[in-house]
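Mind the numbering: the sequence shown is residues 45 to 239 in the working numbering, read in order. Single-structure report; data block below.
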Amino acid sequence: MKQINVELAQIERLVSPSLVRIRSGQHGVGSGAVWRSDGLILTNAHVVRHGPLTVQTSDQIEFEAHVVASDPDQDIALVQVPATNLPALPIGDSSRLHPGDIVVAFGHPWGVPGAATSGIVIGVGNELAEWRNSPQRWLAASLHLRPGHSGGPMVNAQGELVGINTMMNGPDVGLATPINVALEFISSQSISQYI
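Now the structure itself:
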């Protein structure tokens, strides 16, 4: 158990600098992950649907932000802030996740800064019979997401970004948009310059 604590602490130290808080409108608060060091932030579309947007980095600097691209169907959005040298997260491969793998979700639940919750992978994409006919592909994990986790990074045991926290399904299953779905979105013709 002590070794698990050490490893989770290492993941937290790796991920926290890349975690941002996003304020949308007067009351909405969500999270995001630094995608690129020149100010691109990956988050959920539902987090940024009500403007104006403000992004606060891990060192408490606030920036006005604007949406570069958004896909409400997959609940993914890219946000730009006027910043440089932001610490981007290493990108993982959600197709390599297997049931039982450890994942950690980061966010700002109920405004608490930089909170983490961990669990294990239940399944990804077509492995999830309940959503096999859904246009949305999910990464499902046995962890608890709360308001404010939305848009934040879900990482694997190596601290690599494998999903974007999206919502709960019932009391015990957290759903994230797999990073490979986000990569497909970012690779689309209109925003290919953001890869």
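From the three backbone atoms N, C-alpha and C, an ideal C-beta is built for every residue, glycine too.
Under the DSSP assignment, L227 falls in the alpha helix (DSSP H) whose first and last residues are I223 to I230. R181 is the residue among M212, G192 and R181 whose C-alpha sits nearest the C-alpha of V225. Looking at the backbone, the Cα of S81 and that of A127 are separated by about 8 Å.
The straight-line gap separating the alpha-carbon atoms of V125 and R140 is approximately 31 Å. Excluding the 5 residues flanking it on each side, G195 has same chain C-beta neighbours closer than 7 Å at I66, G74, S75, G76, T87, N88, V91, I208 and N209, in chain order. Residue burial annotation: I223 is buried, with at least 16 other C-beta atoms found within 10 angstroms of its C-beta. In the three-state scheme derived from DSSP, where H, G and I count as helix and E and B as strand, A53 is classed as helix. Between the alpha carbons of T98 and G214 lies a distance of about 30 Å. Pairing P197 with F150 gives a Cβ-Cβ distance under 7 Å. Per DSSP, reduced to three states, the secondary structure at H90 is helical. Comparing alpha carbon positions, the residue from A53, I105, D145 and S60 closest to P134 is S60.
Within the same chain, and ignoring the five residues on either side of S178 in sequence, no residue has its Cβ closer than 8 Å to its Cβ.
Taking P153 as the centre and dropping the five residues before and after it, the same chain places the C-beta of A159, R190, P191, G192 and H193 closer than 7 Å to its C-beta, in chain order.
Separation of T101 and N49 (C-alpha to C-alpha, rounded to the nearest whole angstrom) is 25 Å. Taking the Cα of G155 as reference, the smallest distance to any Cα among E108, H71 and L122 is reached at H71. A Cβ-Cβ distance of about 6 Å is found for the pair P143 and G167, placing them in contact under the 8 Å criterion. Around the beta carbon of D119, a 10 Å sphere encloses 16 or more other beta carbons of the protein chains shown; the residue is thus reported as buried.
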